[in-house]
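**Q** Sequence lines, in order, name chains A and B.
In terms of the numbering used here, the first sequence opens at residue 1 and continues consecutively.
In terms of the numbering used here, the second sequence opens at residue 464 and continues consecutively.
C-beta: ideal position from N, C-alpha, C; glycine also.
There are 2 protein chains.
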Amino acid sequence: MMRVAVAIVPEVRQLLQEDPTQLRELLEEIHDEDLADLLGLLSESEAALVLRALPTADAAPILERLDEDQQEAMVEHIGMESIAPIVGEMSADERTDLIEALPEAVGDTLLETLEKVDPEAAAEVEALAKWPEDSAGGLMTTDYVSVPMGFTIAEAIEKLRRVGGEAETIYYVYVVSGGNRLLGVVSLRDVLLAGPNDTIGEVMTENVTAVGPEMDQEEVARTMAKYDFSALPVMGADRKLLGVITFDDVMDVLTQEGTEDAQRLGAVEPTEEGYFQTAFWTFIRKRVTWLSALFISEFFTGTALRHYGGVIEAISKLAYYVPLCISAGGNTGSQSSTLIIRGLAVGDVKPRDWYRVFLRELGQGVVLGVMLAAIGVVRVLMWGDGWQFAATIGVTLVAIVVMGSTVGSMLPLLLRRLGIDPATSSTPFIATLIDVMGIVVYFNVAKLLLADVLAAAHHTPLP
Amino acid sequence: MMRVAVAIVPEVRQLLQEDPTQLRELLEEIHDEDLADLLGLLSESEAALVLRALPTADAAPILERLDEDQQEAMVEHIGMESIAPIVGEMSADERTDLIEALPEAVGDTLLETLEKVDPEAAAEVEALAKWPEDSAGGLMTTDYVSVPMGFTIAEAIEKLRRVGGEAETIYYVYVVSGGNRLLGVVSLRDVLLAGPNDTIGEVMTENVTAVGPEMDQEEVARTMAKYDFSALPVMGADRKLLGVITFDDVMDVLTQEGTEDAQRLGAVEPTEEGYFQTAFWTFIRKRVTWLSALFISEFFTGTALRHYGGVIEAISKLAYYVPLCISAGGNTGSQSSTLIIRGLAVGDVKPRDWYRVFLRELGQGVVLGVMLAAIGVVRVLMWGDGWQFAATIGVTLVAIVVMGSTVGSMLPLLLRRLGIDPATSSTPFIATLIDVMGIVVYFNVAKLLLADVLAAAHHTPLP
Numbered sequence: 001m002m003r004v005a006v007a008i009v010p011e012v013r014q015l016l017q018e019d020p021t022q023l024r025e026l027l028e029e030i031h032d033e034d035l036a037d038l039l040g041l042l043s044e045s046e047a048a049l050v051l052r053a054l055p056t057a058d059a060a061p062i063l064e065r066l067d068e069d070q071q072e073a074m075v076e077h078i079g080m081e082s083i084a085p086i087v088g089e090m091s092a093d094e095r096t097d098l099i100e101a102l103p104e105a106v107g108d109t110l111l112e113t114l115e116k117v118d119p120e121a122a123a124e125v126e127a128l129a130k131w132p133e134d135s136a137g138g139l140m141t142t143d144y145v146s147v148p149m150g151f152t153i154a155e156a157i158e159k160l161r162r163v164g165g166e167a168e169t170i171y172y173v174y175v176v177s178g179g180n181r182l183l184g185v186v187s188l189r190d191v192l193l194a195g196p197n198d199t200i201g202e203v204m205t206e207n208v209t210a211v212g213p214e215m216d217q218e219e220v221a222r223t224m225a226k227y228d229f230s231a232l233p234v235m236g237a238d239r240k241l242l243g244v245i246t247f248d249d250v251m252d253v254l255t256q257e258g259t260e261d262a263q264r265l266g267a268v269e270p271t272e273e274g275y276f277q278t279a280f281w282t283f284i285r286k287r288v289t290w291l292s293a294l295f296i297s298e299f300f301t302g303t304a305l306r307h308y309g310g311v312i313e314a315i316s317k318l319a320y321y322v323p324l325c326i327s328a329g330g331n332t333g334s335q336s337s338t339l340i341i342r343g344l345a346v347g348d349v350k351p352r353d354w355y356r357v358f359l360r361e362l363g364q365g366v367v368l369g370v371m372l373a374a375i376g377v378v379r380v381l382m383w384g385d386g387w388q389f390a391a392t393i394g395v396t397l398v399a400i401v402v403m404g405s406t407v408g409s410m411l412p413l414l415l416r417r418l419g420i421d422p423a424t425s426s427t428p429f430i431a432t433l434i435d436v437m438g439i440v441v442y443f444n445v446a447k448l449l450l451a452d453v454l455a456a457a458h459h460t461p462l463p
Numbered sequence: 464m465m466r467v468a469v470a471i472v473p474e475v476r477q478l479l480q481e482d483p484t485q486l487r488e489l490l491e492e493i494h495d496e497d498l499a500d501l502l503g504l505l506s507e508s509e510a511a512l513v514l515r516a517l518p519t520a521d522a523a524p525i526l527e528r529l530d531e532d533q534q535e536a537m538v539e540h541i542g543m544e545s546i547a548p549i550v551g552e553m554s555a556d557e558r559t560d561l562i563e564a565l566p567e568a569v570g571d572t573l574l575e576t577l578e579k580v581d582p583e584a585a586a587e588v589e590a591l592a593k594w595p596e597d598s599a600g601g602l603m604t605t606d607y608v609s610v611p612m613g614f615t616i617a618e619a620i621e622k623l624r625r626v627g628g629e630a631e632t633i634y635y636v637y638v639v640s641g642g643n644r645l646l647g648v649v650s651l652r653d654v655l656l657a658g659p660n661d662t663i664g665e666v667m668t669e670n671v672t673a674v675g676p677e678m679d680q681e682e683v684a685r686t687m688a689k690y691d692f693s694a695l696p697v698m699g700a701d702r703k704l705l706g707v708i709t710f711d712d713v714m715d716v717l718t719q720e721g722t723e724d725a726q727r728l729g730a731v732e733p734t735e736e737g738y739f740q741t742a743f744w745t746f747i748r749k750r751v752t753w754l755s756a757l758f759i760s761e762f763f764t765g766t767a768l769r770h771y772g773g774v775i776e777a778i779s780k781l782a783y784y785v786p787l788c789i790s791a792g793g794n795t796g797s798q799s800s801t802l803i804i805r806g807l808a809v810g811d812v813k814p815r816d817w818y819r820v821f822l823r824e825l826g827q828g829v830v831l832g833v834m835l836a837a838i839g840v841v842r843v844l845m846w847g848d849g850w851q852f853a854a855t856i857g858v859t860l861v862a863i864v865v866m867g868s869t870v871g872s873m874l875p876l877l878l879r880r881l882g883i884d885p886a887t888s889s890t891p892f893i894a895t896l897i898d899v900m901g902i903v904v905y906f907n908v909a910k911l912l913l914a915d916v917l918a919a920a921h922h923t924p925l926p
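1. Does any C-beta atom of chain B lie closer than 8 Å to the C-beta of T312 of chain A?
2. Compute the distance between the beta-carbons of V864 of chain B and G793 of chain B, then report whether it is under 8 Å.
3. How about T246 of chain A and T141 of chain A: do their beta carbons lie closer than 8 Å?
4. Can you give the beta carbon distance from M74 of chain A to I83 of chain A, rounded, assuming they're within the 8 Å contact cut?
5. Which term fits F280 of chain A, buried or exposed, when burial requires 16 or more other beta carbons within 10 angstroms of its beta carbon?
6. Please confirm if M1 of chain A has its CB atom under 8 Å from at least one CB of chain B.
7. For the putative contact between V648 of chain B and Y634 of chain B, defined by C-beta atoms under 8 Å, what is the C-beta separation to the nearest angstrom?
8. Determine the DSSP secondary structure at P611 of chain B, reduced to helix, strand or coil.
9. Can you tell me which residues form a DSSP beta bridge with M834 of chain B?
10. Kindly say whether D724 of chain B, judged by its beta-carbon, lies nearer than 8 Å to any beta-carbon of chain A.
11. Out of A:M371, A:E218, A:A391, A:L449, point me to the one whose CA is closest to D421 of chain A's CA.
12. From this set, B:E507, B:A522, B:L651, which residue's C-alpha is nearest L962 of chain B's C-alpha?
13. Considering only residues of the same chain and omitting the five flanking positions on each side of Q277 of chain A, which have a CB-CB separation below 8 Å?
14. List, in order along the chain, the chain A residues whose C-beta lies closer than 9 Å to that of S779 of chain B?
15. Looking at T209 of chain A and Y227 of chain A, is the spacing between their C-beta atoms short of 8 Å?
16. Would L114 of chain A and A92 of chain A be called neighbours here (beta carbons separated by less than 8 Å)?
17. On a Cα-Cα basis, can you pick out the residue from B:A894, B:T895, B:I856 that is closest to L911 of chain B?
18. Measuring straight from C-alpha to C-alpha, what distance separates R558 of chain B and V829 of chain B?
19. Say whether chain A places a C-beta atom closer than 8 Å to the C-beta of D606 of chain B.
20. Answer yes or no: does any C-beta atom of chain B fall closer than 8 Å to that of L51 of chain A?
21. Give me the chain A residues within the contact set of G647 of chain B, using Cβ-Cβ distance strictly less than 7 Å, ordered along the chain.
22. Mapping DSSP to helix, strand and coil, what is L454 of chain A?
23. Can you name, in chain order, every residue of its own chain whose Cβ lies under 7 Å from the Cβ of E507 of chain B, other than the five neighbours on each side?
24. Just to confirm my understanding: we take L574 of chain B, look at its own chain, exclude 5 residues before and 5 after, and list those with CB closer than 7 Å. What are they?
25. Starting from R379 of chain A, find everything on chain B with Cβ-Cβ shorter than 7 Å and list it in chain order.
26. Verify the CB distance criterion: does S43 of chain A have a CB-CB separation below 8 Å to chain B?
27. Indicate the three-state DSSP secondary structure (helix, strand or coil) for D421 of chain A in the structure shown.
28. Does the stretch 440-456 of chain A come close enough to the stretch 466-484 of chain B to have 3 or more Cβ pairs within less than 8 Å?
29. From what residue to what residue does the alpha helix (DSSP H) around I200 of chain A run?
30. Could you compute how far the alpha carbon of K533 of chain A sits from the alpha carbon of E168 of chain A?
31. Could you check what DSSP says for T604 of chain B in three-state terms: helix, strand or coil?
32. Is it buried or exposed for Y355 of chain A, if we count other Cβ within 10 angstroms and need 16 for buried?
33. Leaving out five residues on either side along the sequence, give the residues of the same chain with a beta carbon under 7 Å from the beta carbon of P891 of chain B.
34. Whose C-alpha, out of A:I340, A:T199, A:L160, A:G107, is nearest the C-alpha of G150 of chain A?
35. Go ahead and label W594 of chain B buried or exposed: buried means 16 or more other beta carbons lie within 10 angstroms of its beta carbon, across all protein chains shown.
Spelled out as structure tokens, the structure:
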């Protein structure tokens with residue numbers, strides 16, 4: 001969809017030089033998102049000129065859609081006095097995010113300037129800024145439409161006409177008492193279907209689904225997706241209506257949470273920006289923590305192998321099968337933990353289901369283990385390592401795969417119960433844990449089933 | 464949110480026995496989603512009784528929200544003749560999904576029955592069923608509101624009142640020509656702000672963003688999330704309006720695609736239903752394919768180790784470091800492939816960016832490799848294996864980590880270029896590939912740096 005933006009760049013550049021007043025007409029029919037893409041293709045100073053050429057109300061939704069870096073550059077290039085009115089026209093939640101993302105001193109100056117230009121907009125920022133970014137309070141906007149219960153439908157439509165241009169959603173009208181307490185909700189559909197003289201109190205739904213301002217954004221998103229709501233009110237103590245969360249923010253949250261989960265599963269600390277927007281050293285920081293933690297825990301594989309050094313020296317072929325056996329456990333563990341972590345994320349699996357999960361994974365581990373063991377045994381025989389060796393590998397594989405599926409499924413549930421995000425257990429960490437356990441299992445099975453070979457090799461009792 | 468459903472179960476059971484006619488009143492104020500949860504808590508025959516006790520128009524949205532299994536059970540218990548009118552009242556896309564999910568014979572009979580009861584609803588199913596489930600055509604509904612260009616705003620409002628109860632979205636009114644060709648769109652906001660005598664042609668936006676029916680659902684979701692659309696029209700050849708995709712379906716797609724990506728990253732074939740809804744043997748099938756593919760490719764680690772058997776026999780300590788070295792490569796590879804796969808999924812990274820990605824990952828690989836090598840060297844010295852050994856491990860780690868980050872990032876890009884979903888390269892597969900390459904690197908570095916030790920051990924030239 002970048003094509004629209006690319007196509008008009010030359011024309012915009014020409015108008016900027018020749019006749020900036022005509023820009024407005026050219027840009028009128030283009031979607032804000034494409035205009036935001038366009039600004040990204042221009043130099044910062046050109047982009048600033050385009051924003052200034054547009055009426056404030058048209059510039060605001062474009063400024064909303066820029067990246068945080070671009071927003072900061074626009075604030076710099078356009079200057080406090082000229083940008084404050086545009087910021088004032090932005091939707092309350094985006095305005096708050098912009099001010100919070102700026103370097104602190106710049107953000108404070110902008111908020112002070114905004115207080116002079118548009119005190120109401122500044123007050124909204126202060127009300128929204130107190131909630132954590134990833135909570136319901138951080139997602140909500142105060143740009144909603146509310147009416148008292150006594151309004152008629154005609155009066156409600158009149159109010160929608162008056163303030164509808166600024167509100168972020170007009171699809172629901174919230175019915176509030178004097179102290180802004182939420183009494184009910186009327187959808188625009190209900191408004192259309194009702195007669196003009198019906199009162200709001202007659203048509204409203206009293207059973208409103210609402211969430212508290214501290215609810216985690218992932219749970220908010222899940223609630224809205226489940227109920228198919230396009231907007232969800234946020235209520236504080238005493239049923240006070242604090243704001244409204246709209247579906248567009250939820251679509252972003254769902255995408256972002258999907259990325260975070262995938263990154264945690266891949267042992268990367270979640271990045272806040274896109275791949276190319278994230279700086280080199282930020283990436284190093286996000287990767288090295290997990291990578292060195294995994295590396296250090298993998299030391300235990302060395303310790304374990306060293307412990308069985310005598311066995312390896314006696315039968316060096318045993319070493320050839322180490323990566324094969326432990327990776328089978330690691331892969332099974334990855335599968336189980338992925339299934340459970342995602343099940344927890346979408347609400348399919350709850351920590352209290354642990355016993356049912358355990359039984360399922362135990363059963364699956366046995367079946368999958370036997371299947372892999374069958375393949376493994378054939379391979380050992382093909383390599384000509386004999387039946388006794390084949391039995392060792394077969395038994396080891398069943399044991400390791402069962403261990404992989406049970407440990408891989410139980411660990412995320414345990415972490416969730418302890419209040420830790422289960423995705424931070426990241427499948428590579430589980431794989432590492434299972435690597436070490438796998439080595440112990442493998443060499444103990446070998447000592448048991450290959451006892452005579454070992455004795456012959458050593459001519460001494462086993463360690 | 465299940466609490467609402469749990470709380471009313473006893474009352475519903477009592478009314479079912481004593482006075483089913485009163486059910487309707489009890490259930491009126493409860494959200495459809497909670498009612499769907501309620502049906503899940505009842506026995507199938509009780510659930511069927513509740514559905515039958517409700518007016519058709521109220522039963523339809525509840526039937527929509529049931530799982531496929533539950534829907535099938537309801538069709539069985541309620542019977543074709545009685546369920547067809549309810550199915551006819553369902554939204555067109557959900558109705559199509561229900562009929563497609565039923566066993567073929569049952570679905571066909573239901574469609575035939577529907578043709579008698581509600582021929583229009585049956586025709587809609589036939590029009591929608593021809594598109595793949597995961598395409599724009601499979602997501603769209605035909606329950607939208609359209610008007611001719613000559614309508615006045617007052618006429619449009621009148622039409623919205625008349626058909627708005629059935630339409631899935633009334634927030635956009637589509638402007639069409641005689642042959643249902645899409646000419647423009649008017650948002651309900653525009654309708655409210657316009658005067659009653661303005662014509663639709665005057666207020667409509669002609670620059671409509673639309674997608675083709677064959678677009679993949681993930682791209683549809685990304686487009687809607689980017690532009691913050693609550694509905695997106697689907698256009699066929701000659702700008703013919705085929706249907707409309709609404710935000711609620713997109714929220715489901717985003718969740719589902721997140722799960723699919725996570726599962727593919729965890730080497731599980733995506734499951735269509737929740738953890739506990741998926742049957743035991745289905746899981747085995749979804750897991751064993753990847754697990755045995757990975758297991759068989761891990762055979763090459765055995766082949767590689769066997770190839771260096773002479774080296775291992777000469778210096779058995781080398782075997783102790785195999786899992787440590789290769790897992791460092793595997794973990795780095797997991798990180799890189801996760802970052803790129805997710806970047807591709809959300810549109811941050813494009814295949815044509817491969818060279819920039821390569822340079823970044825090469826640089827990061829070097830930095831991360833040196834960091835891990837530093838830790839590794841200290842550990843080797845602590846184990847008392849000496850400087851020469853430490854150098855071997857250090858050099859190997861840098862090489863393996865660089866390999867992990869470059870191969871891990873390039874493989875998903877290559878797969879995407881070849882038209883294969885990059886998530887199917889699943890990080891465990893990359894880890895396996897890097898395991899084998901890591902062994903080769905490790906023993907070659909060892910042969911080079913430990914040449915004198917090897918020579919002393921063998922008293923013969925190296926293999």
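**A** The short version:
1. Along the first sequence, one-based indexing puts residue 312 of chain A at 312. Inspection of the sequence shows that residue 312 of chain A is occupied by Ile rather than by Thr. For I312 of chain A, the answer is yes, since a Cβ of chain B falls inside 8 Å of its Cβ.
2. Within the second sequence, the letter at position 401 stands for residue 864 of chain B. Within the second sequence, the letter at position 330 stands for residue 793 of chain B. It is not a contact, given that the beta carbons lie outside the stated cut-off.
3. Here residue 246 of chain A is taken as the residue at index 246 of the first sequence, counted from 1. Here residue 141 of chain A is taken as the residue at index 141 of the first sequence, counted from 1. Yes, the Cβ-Cβ distance between T246 of chain A and T141 of chain A is below 8 Å.
4. Against the first sequence, residue 74 of chain A aligns to sequence position 74. Against the first sequence, residue 83 of chain A aligns to sequence position 83. With a Cβ gap of about 7 Å, M74 of chain A and I83 of chain A count as contacting.
5. Counted from its first residue, the first sequence places residue 280 of chain A at position 280. With fewer than 16 other Cβ atoms within 10 Å, it is exposed.
6. As a working mapping, residue 1 of chain A is identified with position 1 in the first sequence. Confidence in M1 of chain A is poor, its pLDDT being 47 and thus under 50, which makes the residue's placement unreliable; the coordinate value appears in the next sentence. Yes, its Cβ sits closer than 8 Å to a Cβ of chain B.
7. Taking the first residue of the second sequence as 1, we reach residue 648 of chain B at position 185. Taking the first residue of the second sequence as 1, we reach residue 634 of chain B at position 171. With 8 Å as the limit, V648 of chain B and Y634 of chain B do not qualify as a contact, their Cβ atoms being about 10 Å apart.
8. As a first step, residue 611 of chain B is located in the second sequence; it is residue number 148 there, counting from the start. P611 of chain B falls in the strand class under three-state DSSP.
9. The residue labelled residue 834 of chain B in the question sits at position 371 within the second sequence. Answer is none; M834 of chain B lacks a bridge partner.
10. In the second sequence, the residue the question calls residue 724 of chain B occupies position 261. Chain A contact via Cβ: present.
11. Locating residue 421 of chain A in the first sequence gives position 421, where the first residue counts as 1. The shortest Cα separation from D421 of chain A among A:M371, A:E218, A:A391, A:L449 belongs to A:E218.
12. A query on residue 962 of chain B cannot be resolved here, the shown segment of chain B reaching from 464 to 926 and no further.
13. Position 277 of the first sequence, counted from the first residue, corresponds to residue 277 of chain A. Within the same chain, Q277 of chain A has close Cβ partners D67, D69.
14. As a first step, residue 779 of chain B must be located in the second sequence, where it is residue number 316. Ordered by position in chain A, the residues that pass the 9 Å Cβ test against S779 of chain B are G309, I312, E313, S316, A319.
15. In the first sequence, counting from the first residue as 1, residue 227 of chain A sits at position 227. In the first sequence, counting from the first residue as 1, residue 209 of chain A sits at position 209. Yes, these two residues count as a Cβ contact at 8 Å.
16. For the purposes of this step, residue 114 of chain A is taken as residue 114 along the first sequence, with counting starting at 1. For the purposes of this step, residue 92 of chain A is taken as residue 92 along the first sequence, with counting starting at 1. Not closer than 8 Å, so no.
17. Within the second sequence, numbered from 1, the residue matching residue 911 of chain B stands at position 448. Of the listed residues, the one whose Cα sits closest to L911 of chain B is B:I856.
18. Indexing the second sequence from 1 puts residue 558 of chain B at position 95. Indexing the second sequence from 1 puts residue 829 of chain B at position 366. If you take the alpha carbons of R558 of chain B and V829 of chain B, they lie about 55 Å apart.
19. In the second sequence, the residue the question calls residue 606 of chain B occupies position 143. No - not a single Cβ of chain A is within 8 Å of the one on D606 of chain B.
20. Working through the first sequence from its first residue, we reach residue 51 of chain A at position 51. Chain B, which has no Cβ nearer than 8 Å to the Cβ of L51 of chain A, makes this no.
21. By one-based count along the second sequence, residue 647 of chain B stands at place 184. Within 7 Å Cβ-Cβ: nothing; G647 of chain B doesn't reach chain A, min ~11 Å.
22. In the first sequence, the residue the question calls residue 454 of chain A occupies position 454. L454 of chain A falls in the helix class under three-state DSSP.
23. Counted from its first residue, the second sequence places residue 507 of chain B at position 44. Same-chain partners within the cutoff: A536, H540.
24. Translated into positions along the second sequence, residue 574 of chain B becomes position 111. Counting only Cβ-Cβ distances below 7 Å, and skipping sequence neighbours, we find I562, A585, V588.
25. As a first step, residue 379 of chain A must be located in the first sequence, where it is residue number 379. The contacting residues are F762.
26. Reading the first sequence from its first residue, position 43 is the one you call residue 43 of chain A. Judged by the 8 Å Cβ criterion, S43 of chain A is not in contact with chain B.
27. Taking the first residue of the first sequence as 1, we reach residue 421 of chain A at position 421. Here D421 of chain A sits in coil by DSSP.
28. no
29. The residue labelled residue 200 of chain A in the question sits at position 200 within the first sequence. Per DSSP, I200 of chain A belongs to the alpha helix (DSSP H) from 200-203.
30. One cannot answer for residue 533 of chain A here, as it falls past the ends of chain A, which runs 1 to 463.
31. On the second sequence, residue 604 of chain B is found 141 positions in, with the first residue counted as 1. The answer is strand: DSSP assigns T604 of chain B an E or B state.
32. In the first sequence, the residue the question calls residue 355 of chain A occupies position 355. Label assigned to Y355 of chain A: exposed.
33. The sequence position of residue 891 of chain B within the second sequence is 428, counting from 1. Cβ neighbours of P891 of chain B beyond the five flanking positions: A730, L757.
34. Residue numbering aside, residue 150 of chain A sits at position 150 when the first sequence is read from its first letter. Of the candidates A:I340, A:T199, A:L160, A:G107, the one whose C-alpha sits nearest the C-alpha of G150 of chain A is A:T199.
35. Along the second sequence, read from residue 1 onward, the residue named residue 594 of chain B stands at position 131. By the neighbour-count rule (16 or more Cβ atoms within 10 Å), W594 of chain B is buried.
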